[in-house]
Structures are given as C-alpha cells and as structure tokens.
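Notes follow once the structure below has been shown.
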Amino acid sequence: MTVKAFVPIVLALLVSGFGAQAQAPTEGGKKMLVAYFSHTGNTRAIAQQIQAMTGADVFEIVPANPYPANYGDVLARGRQELKDNVMPKLKSEVPDLAPYDVIFVGSPNWFNTVVPPVMTFLSGRDFTGKTIVPFITHGGGGLGKSVQDVQRLAPGATLLEGRAFRGEDVANAGEDVRAWLRGLKLVE
Numbered sequence: 061m062t063v064k065a066f067v068p069i070v071l072a073l074l075v076s077g078f079g080a081q082a083q084a085p086t087e088g089g090k091k092m093l094v095a096y097f098s099h100t101g102n103t104r105a106i107a108q109q110i111q112a113m114t115g116a117d118v119f120e121i122v123p124a125n126p127y128p129a130n131y132g133d134v135l136a137r138g139r140q141e142l143k144d145n146v147m148p149k150l151k152s153e154v155p156d157l158a159p160y161d162v163i164f165v166g167s168p169n170w171f172n173t174v175v176p177p178v179m180t181f182l183s184g185r186d187f188t189g190k191t192i193v194p195f196i197t198h199g200g201g202g203l204g205k206s207v208q209d210v211q212r213l214a215p216g217a218t219l220l221e222g223r224a225f226r227g228e229d230v231a232n233a234g235e236d237v238r239a240w241l242r243g244l245k246l247v248e
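Residue 61 is where the sequence shown starts when you use my numbering, and the numbers rise one by one after that.
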C-alpha cells in the first residue's frame, strides 16, 4: 500500500473515533458522571459544559411522568411534591454508580432546594467513598439549602464545593465553570 493510499484510511479512522474511549482520562484517573435534571435547558447547558471539560459520562434524570410545559404548572407540581415528600419515578434506570469516583449532581433551585427527581436519583443509593459535586441553576435563589439536602440524601459521600449559576448566564458560563472545576482540582 502506498503512503498516498494509507493517509486517507488513517484520517478516516481518526475521524470515526476508532480506538476512542468512553471517557477521557482525568486527573488522578478518576471516573466521573454528570447526573442532572433540566426543565428549561439551563441545567443541561451547565452539565454539557462540565462534560466537555472533564470527559465525564452523562445521565439525564427524567421523571417517568413529565412535568407540564407551563412553568406555573411545573412550579405548582414541584411545590406539592416537595411538601408531600414525593419521590417521583424516573423514566430510565439509574446507571450503576459503582465505577464512578466523582458524581456531579445538577438541578434547578426549586423552592430553595433540588428538584424531586434529583431527590429520587440520590435516595436509597450507597454513596460511601464517592465524591459528589452539586451544581444548581437558579433565577435568584443561589444554592439555597440544596447542598445540605444533597448531603442528607447521600450519606457517606464527600461533598465538594457546590456552585450556583444564574439561568440567564449559563450560555456564557464556560470560564466560570472551568475556574470552579480547576479550584476543585478536577481539571487542569
């Protein structure tokens, strides 16, 4: 085979991802997961930025019974679920968390805490030896008591510093996300 014929084959293999791994190597070889719920797309935007910077796997937390499109109806349902301690069923089975060292948990701030589907994701799982990194999107409430609630729902986990991102700023939050991850020593 000539070099001219070989080059297109090598380029095709590189473009197709031949030999690519599911997750890019991270500092210290830690395997990471970004698990998040997003209703408006803000939390998804931050989750995608974290994934792009860390090479983490991603799991979108989706309730089996979707929230309504009307935001007022969403908030009414969310408020009632929180009041009644409802843990809504999820659409997809939560992945096996055993291989993960670091789990980013993302949620909008609803009524000063994480949303009920995120509570479902956290509840009843063994997080012993895991590191959880909460991130919250909000319209003015910041982290609220979400970090305390994540800690309560994930006993045995080590929580790193959580970060809140204003919903209106998520599209331009890349540098803030990177600085936060660097500060946590999760990216270089």
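Just so it is clear, CB atoms sit at the ideal spot from N, CA and C, and this is done for glycine as well.
For D144, there is no enclosing alpha helix (DSSP H), since its DSSP letter is neither H nor E. In the structure shown, V134 adopts helical secondary structure according to DSSP, grouped into three states. Note on geometry: alpha-carbon atoms of V154 and D236 lie some 29 angstroms from one another.
The three-state secondary structure of P194, taken from DSSP, is strand. Under DSSP, M92 forms a beta bridge with V162. Boundaries of the alpha helix (DSSP H) around F181: 176-182. Nearest neighbour of Y131 by Cα position, chosen from P168, T218, P159, turns out to be P168. Of the residues A129, S98, Q111, M113, the one whose Cα lies closest to the Cα of E120 is S98. When rounded, the separation of the alpha-carbon atoms in D117 and D133 is 32 angstroms. Secondary structure note for D186: it is in no beta strand (DSSP E), with a DSSP letter that is neither H nor E.
Across the set V174, G227, D156, G189, the C-alpha of G189 shows the shortest separation from the C-alpha of P215.
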